[in-house]
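Scroll down for the structure; my scribbles are underneath it.
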Amino acid sequence: MALGEIARSLDLAKGTTHGILRTLQHVGFVEQDRVSGHYQLGAALQRLGAGHLDVNELRSRSINWADPLAARSGEAVRIGTVFDGKVLVVHHVFRPDDTFQTLDVGTLLPMHATALGKVLIAYRAEGAVPAKELDQLTHRTIHTPQGLADELQRVRDAGWSSEIEEMTFGTASVAAPIRGYGGLVVGAIGINGRVDRICDSHYRPYQRLVTYVREAARAISRDLGAAAR
Amino acid sequence: MTERYVVAIDQGTTSTRCIVFDRRGRLVSLAQQEHKQYFPKPGWVEHDAAEIWRNVERLAPEALRRAGITEEQVAAVGIANQRETTVLWDRDTGTPVAHAIVWQDTRTDSLVRSLSAAAGVDQVEHDSGLPMATYFSGPRVRWLLDRRPELRERAERGEILFGTMETWLIWKLTGGLHVTDVTNASRTMLLDVRTLDWSPAALAFFGVPRAMLPEVRPSVGVFGTAVAAFPGVRIGAALGDQQAALFGQTCFSPGEAKCTYGTGSFLLLNTGAELVRSTHGLLSTVAYQIAGGPAAYALEGSIAITGSLVQWFRDQLELIASAPEIETLARTVADNGGCYIVPAFSGLYAPYWRSEARGVIVGLTSYITKGHLARAVLEATAWQTREVVDAMNADSGLDLTTLRVDGGMTADNLLMQSIADVLDVPVVRPLAAETVSLGAAYAAGLAVGYWPDLEGLRQNWHRAAHWLPTMDPEVRSAEYANWRRAVERTFDWTRHS
Numbered sequence: 014m015a016l017g018e019i020a021r022s023l024d025l026a027k028g029t030t031h032g033i034l035r036t037l038q039h040v041g042f043v044e045q046d047r048v049s050g051h052y053q054l055g056a057a058l059q060r061l062g063a064g065h066l067d068v069n070e071l072r073s074r075s076i077n078w079a080d081p082l083a084a085r086s087g088e089a090v091r092i093g094t095v096f097d098g099k100v101l102v103v104h105h106v107f108r109p110d111d112t113f114q115t116l117d118v119g120t121l122l123p124m125h126a127t128a129l130g131k132v133l134i135a136y137r138a139e140g141a142v143p144a145k146e147l148d149q150l151t152h153r154t155i156h157t158p159q160g161l162a163d164e165l166q167r168v169r170d171a172g173w174s175s176e177i178e179e180m181t182f183g184t185a186s187v188a189a190p191i192r193g194y195g196g197l198v199v200g201a202i203g204i205n206g207r208v209d210r211i212c213d214s215h216y217r218p219y220q221r222l223v224t225y226v227r228e229a230a231r232a233i234s235r236d237l238g239a240a241a242r
Numbered sequence: 018m019t020e021r022y023v024v025a026i027d028q029g030t031t032s033t034r035c036i037v038f039d040r041r042g043r044l045v046s047l048a049q050q051e052h053k054q055y056f057p058k059p060g061w062v063e064h065d066a067a068e069i070w071r072n073v074e075r076l077a078p079e080a081l082r083r084a085g086i087t088e089e090q091v092a093a094v095g096i097a098n099q100r101e102t103t104v105l106w107d108r109d110t111g112t113p114v115a116h117a118i119v120w121q122d123t124r125t126d127s128l129v130r131s132l133s134a135a136a137g138v139d140q141v142e143h144d145s146g147l148p149m150a151t152y153f154s155g156p157r158v159r160w161l162l163d164r165r166p167e168l169r170e171r172a173e174r175g176e177i178l179f180g181t182m183e184t185w186l187i188w189k190l191t192g193g194l195h196v197t198d199v200t201n202a203s204r205t206m207l208l209d210v211r212t213l214d215w216s217p218a219a220l221a222f223f224g225v226p227r228a229m230l231p232e233v234r235p236s237v238g239v240f241g242t243a244v245a246a247f248p249g250v251r252i253g254a255a256l257g258d259q260q261a262a263l264f265g266q267t268c269f270s271p272g273e274a275k276c277t278y279g280t281g282s283f284l285l286l287n288t289g290a291e292l293v294r295s296t297h298g299l300l301s302t303v304a305y306q307i308a309g310g311p312a313a314y315a316l317e318g319s320i321a322i323t324g325s326l327v328q329w330f331r332d333q334l335e336l337i338a339s340a341p342e343i344e345t346l347a348r349t350v351a352d353n354g355g356c357y358i359v360p361a362f363s364g365l366y367a368p369y370w371r372s373e374a375r376g377v378i379v380g381l382t383s384y385i386t387k388g389h390l391a392r393a394v395l396e397a398t399a400w401q402t403r404e405v406v407d408a409m410n411a412d413s414g415l416d417l418t419t420l421r422v423d424g425g426m427t428a429d430n431l432l433m434q435s436i437a438d439v440l441d442v443p444v445v446r447p448l449a450a451e452t453v454s455l456g457a458a459y460a461a462g463l464a465v466g467y468w469p470d471l472e473g474l475r476q477n478w479h480r481a482a483h484w485l486p487t488m489d490p491e492v493r494s495a496e497y498a499n500w501r502r503a504v505e506r507t508f509d510w511t512r513h514s
């Protein structure tokens with residue numbers, strides 16, 4: 014379609030329409046023909062319709078970044094996606110201390126009480142917070158809808174999430190979003206471990222660890238074709 | 018003191034990579050470049066060695082730039098390379114006389130068939146520890162010299178030089194040092210694997226002039242100092258890629274084994290100072306040699322088709338859009354439904370070495386879905402591993418207790434679980450996925466004292482994941498019997514005219 018045609022059907026000024034189209038083009042939802050200058054629906058939109066990224070594909074594409082994250086942070090790494098209102102663990106790298114650990118792949122975790130889950134709800138394409146009951150797992154679990162809404166706003170503002178003794182006493186986790194083609198969040202990557210190793214004496218995650226997690230998430234997103242941000 | 022690093026050059030079949038590692042064996046930066054594959058005729062595969070060298074020259078500074086370091090901070094460089102690929106070049110001009118003949122190339126098929134019947138072949142197979150096959154470099158050199166008689170004359174005068182990829186790269190890096198390492202030399206069929214020098218019997222048999230051959234050196238030890246790509250940096254090691262992966266997995270003790278799952282798969286078992294001659298279809302090869310020490314040997318089981326079966330499923334059958342989706346499809350069903358796929362696409366490698374075999378899909382019924390086929394694809398890799406492990410246990414008299422794995426297919430959890438199930442031993446994936454380059458880096462760092470000893474390297478190895486066997490023993494033995502019956506059905510399919 015030509016720009017004028019689109020502007021008329023939307024009843025918007027051409028300049029405004031052009032701005033919107035440029036934005037859509039940037040994330041791959043719209044493509045522009047180089048010769049005619051006409052616009053059409055982009056490839057990213059079709060993938061959006063297909064739903065989600067295959068979880069085995071996500072693992073395969075993340076594995077070379079998840080390993081270095083475990084090596085740098087010294088903690089276990091997990092990658093999760095949304096499945097049936099829960100976090101499905103699709104990849105797990107052991108904490109690199111050679112102690113006996115069990116592979117968590119396939120395990121379902123609560124959304125509201127894990128760093129992975131908070132990222133996944135905060136960036137859900139559908140927007141809304143799940144209406145499920147918020148089980149109180151420890152005395153620190155965020156179990157009120159308002160409390161969770163505030164927490165998710167903090168996650169969106171910061172670009173990463175944390176969970177401190179909200180699922181199990183003595184453990185904490187940090188996570189960041191993995192974006193796929195077009196910038197949609199397709200998963201989350203995070204570290205989890207003993208609270209005294211993840212957090213300082215004020216129960217704040219160490220900035221160094223947060224940086225490692227966010228760098229790994231950005232690297233995977235870049236590989237998946239998300240625009241650099 | 019400024020931090021120092023070790024660099025690996027991983028010269029592989031499809032691409033060349035330069036990777037910078039730190040003292041804890043962690044990847045610091047990576048630069049990678051693919052090179053062109055030439056297929057001039059069916060069964061022929063070639064590379065341009067000059068292009069590969071240009072890539073190394075470009076990638077070296079790029080990897081250092083990405084790591085933010087200078088040549089002065091590089092303690093040593095190590096090389097891991099595609100094995101058996103054959104390069105001939107002019108000593109004076111430094112120009113290859115032809116494209117390199119790649120390890121997958123089968124142009125020497127008829128030559129190898131006639132050599133297999135020639136007098137003296139038993140001695141050559143004994144000296145080299147290898148069966149007569151198109152896979153190795155010796156027949157390729159013979160083919161090139163037969164094809165162009167002027168080359169033979171010049172080769173006899175030492176004007177034309179032979180090398181596998183590491184020899185070519187070291188020659189270019191050092192500006193004219195003509196050397197190879199024991200692991201690469203052990204894949205030519207020209208080396209006596211006990212004396213670790215060229216076998217006079219093999220040279221006479223293939224008609225290869227000694228003047229064109231490089232000097233054989235230990236894998237771990239300073240080869241020389243680079244004047245190009247990494248000016249001033251010492252070259253501390255060279256190893257064939259599969260041997261480098263064994264080193265990177267720190268399989269330094271007899272009985273330790275690793276399997277690298279890629280297009281094909283290669284299982285190497287360290288047999289220590291003892292050369293074990295296989296009676297079950299495995300290759301006897303050199304694992305590594307540290308300068309001043311004895312060689313460590315390995316038994317190798319080579320499986321031709323593993324990852325490439327998944328690629329075939331994706332590209333030729335178009336049942337999946339990407340390779341990892343094979344796991345998604347396979348998980349739509351609980352078992353193989355009685356269906357087995359034996360991927361003898363170009364015959365079977367270890368332990369059968371049947372070049373006339375061709376692939377089969379058996380057990381088809383109207384019940385079978387694409388999910389069952391996907392299961393059968395993954396199980397084919399697991400059972401082929403089992404057959405190689407059985408051969409290793411029989412040859413070495415050692416029972417494998419753990420299998421260390423690496424390579425792209427280790428991302429497939431269902432496959433890794435299947436392998437643990439059919440082997441009935443734990444399967445372990447290390448934290449460092451890049452075991453080939455890591456092995457080259459370890460070897461180079463060891464040569465210059467960057468790392469003190471093998472024990473120090475072991476400390477860098479960490480477990481990233483493991484899969485424990487859960488299969489019922491009765492199911493395992495019934496399935497194995499079915500697999501072997503399926504394999505029998507591939508035999509004698511094609512016949513040589």
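Sequence order for the protein chains is A and B.
Note that our numbering numbers the first sequence so that position 162 is 175, with each residue one more than the last.
Note that our numbering numbers the second sequence so that position 318 is 335, with each residue one more than the last.
Note that the Cβ used here is the ideal one computed from N, Cα and C, for glycine as well.
* Among A:Leu197, A:Gly41, A:Pro218 and A:Val43, the one whose alpha carbon lies nearest that of A:Ala135 -> A:Leu197
* To do: Closer than 7 Å by C-beta to A:Ala63: which residues in its own chain qualify, once you throw out the five before and the five after it? Chain order, please.
  => Note that A:Ala63 has pLDDT 46, beneath the 50 cutoff, so the model's placement of it is unreliable and the number below is only indicative. Contacts found: none.
* Using a beta-carbon distance below 8 Å, is B:Ile26 in contact with chain A? -> no
* Asked: So, helix, strand or coil for B:Glu176, using DSSP?
  -> coil
* Asked: My guess is that B:Glu396 and B:Asn430 are in contact by the Cβ rule of under 8 Å, so how many angstroms apart are they, rounded?
  -> With 8 Å as the limit, B:Glu396 and B:Asn430 do not qualify as a contact, their Cβ atoms being about 14 Å apart.
* Can you tell me whether DSSP reads B:Asn532 as helix, strand or coil? -> Because chain B is modelled from 18 through 514, residue 532 of chain B falls outside the range shown and cannot be assessed.
* Three-state class that DSSP yields for B:Trp120 in the structure shown -> Three-state result, B:Trp120: coil.
* Asked: Comparing alpha-carbon positions, which option in B:Ser372, B:Ala367 and B:Pro360 lies nearest B:His297?
  -> B:Ala367
* How about A:Pro190: is its C-beta nearer than 8 Å to some C-beta of chain B? -> no
* Any C-beta of chain A sitting closer than 8 Å to the C-beta of B:Trp484? -> yes
* Asked: Where DSSP assigns a beta bridge to B:Gln90, which residues make up the other side?
  -> Its beta-bridge partners do not exist; DSSP assigns none.
* How would you call B:Ser133, buried or exposed, if buried means at least 16 neighbouring beta carbons within 10 angstroms? -> exposed
* Say whether chain A places a C-beta atom closer than 8 Å to the C-beta of B:His479. => yes
* Asked: DSSP state of B:Leu105, grouped into three classes?
  -> strand
* **Alpha-carbon spacing of B:Gly146 relative to B:Ala393, whole angstroms** => 34 Å
* To do: Using a Cβ-Cβ cut-off of less than 9 Å, list which residues of the stretch 339-360 of chain B approach chain A; keep chain order.
  => Identification of residues in the stretch 339-360 of chain B having a C-beta nearer than 9 Å to some C-beta of chain A yields Ser339, Ala340, Pro341, Glu342, Ile343, Glu344, Thr345 and Arg348, given in sequence order.
* Asked: What number of angstroms, rounded off, separates the C-alpha of B:Leu190 from the C-alpha of A:Gly203?
  -> 42 Å
* Taking the alpha carbon of A:Arg210 as the point to measure from, which residue in A:Ile177, A:Arg227, A:Tyr194 and A:Thr120 has its own alpha carbon closest? -> A:Ile177
* Flag this pair as yes or no: are the beta carbons of A:Val95 and A:Ala79 separated by less than 8 Å? => no
* To do: Identify whether A:Tyr69 lies in helix, strand or coil by the three-state DSSP scheme.
  => Before going on, a small fix: residue 69 of chain A reads as Asn here, not Tyr. The DSSP-derived three-state label of A:Asn69 is helix.
* Asked: Nearest-angstrom Cα distance between A:Gly238 and B:Ala67?
  -> 33 Å
* To do: Following the continuous alpha helix (DSSP H) through A:Tyr225, name the residue where it begins and the one where it ends.
  => Looking at the DSSP string, the run of the alpha helix (DSSP H) that includes A:Tyr225 is Gln220 to Leu237.
* To do: Note the first and the last residue of the continuous alpha helix (DSSP H) segment covering A:Gln114.
  => From DSSP, A:Gln114 is part of no alpha helix (DSSP H); its letter is neither H nor E.
* Could you tell me which uninterrupted alpha helix (DSSP H) segments, each at least 4 residues in length, are contained entirely in the stretch 194-240 of chain B, listed from first to last along the chain? => 199-202 and 217-223
* Determine, using beta carbons only, whether B:Gln266 and B:Asp423 come nearer to each other than 8 Å. => In this structure, B:Asp423 lies closer than 8 Å to B:Gln266 by Cβ.
* To do: Return the Cβ separation of B:Ile252 and B:Ala262 in integer angstroms, given the expectation that the two are a contact with Cβ distance under 8 Å.
  => Actually they do not touch by this definition, with Cβ atoms about 20 Å apart.
* Locate the beta strand (DSSP E) running through B:Gly425, then write down its first and last residues. => Counting along the chain, B:Gly425 sits inside no beta strand (DSSP E), nor does DSSP assign it H or E at all.
* **Contact list for A:Ile80 against chain B, beta-carbon separation under 8 Å** => Per the sequence shown, the amino acid found at residue 80 of chain A is Asp instead of Ile. In chain order: Leu448, Ala449, Ala450 and Ala481.
* For B:Asp122, collect the residues of the same chain with a Cβ closer than 6 Å to its Cβ; drop the 5 residues on either side in sequence, then sort them by chain order. => Trp61 and Val62
* Asked: Just checking my contact of B:Pro226 with B:Asp198 at CB under 8 Å: how many whole Å lie between their CB atoms?
  -> No, B:Pro226 and B:Asp198 are not in contact; Cβ-Cβ is about 21 Å, not under 8 Å.
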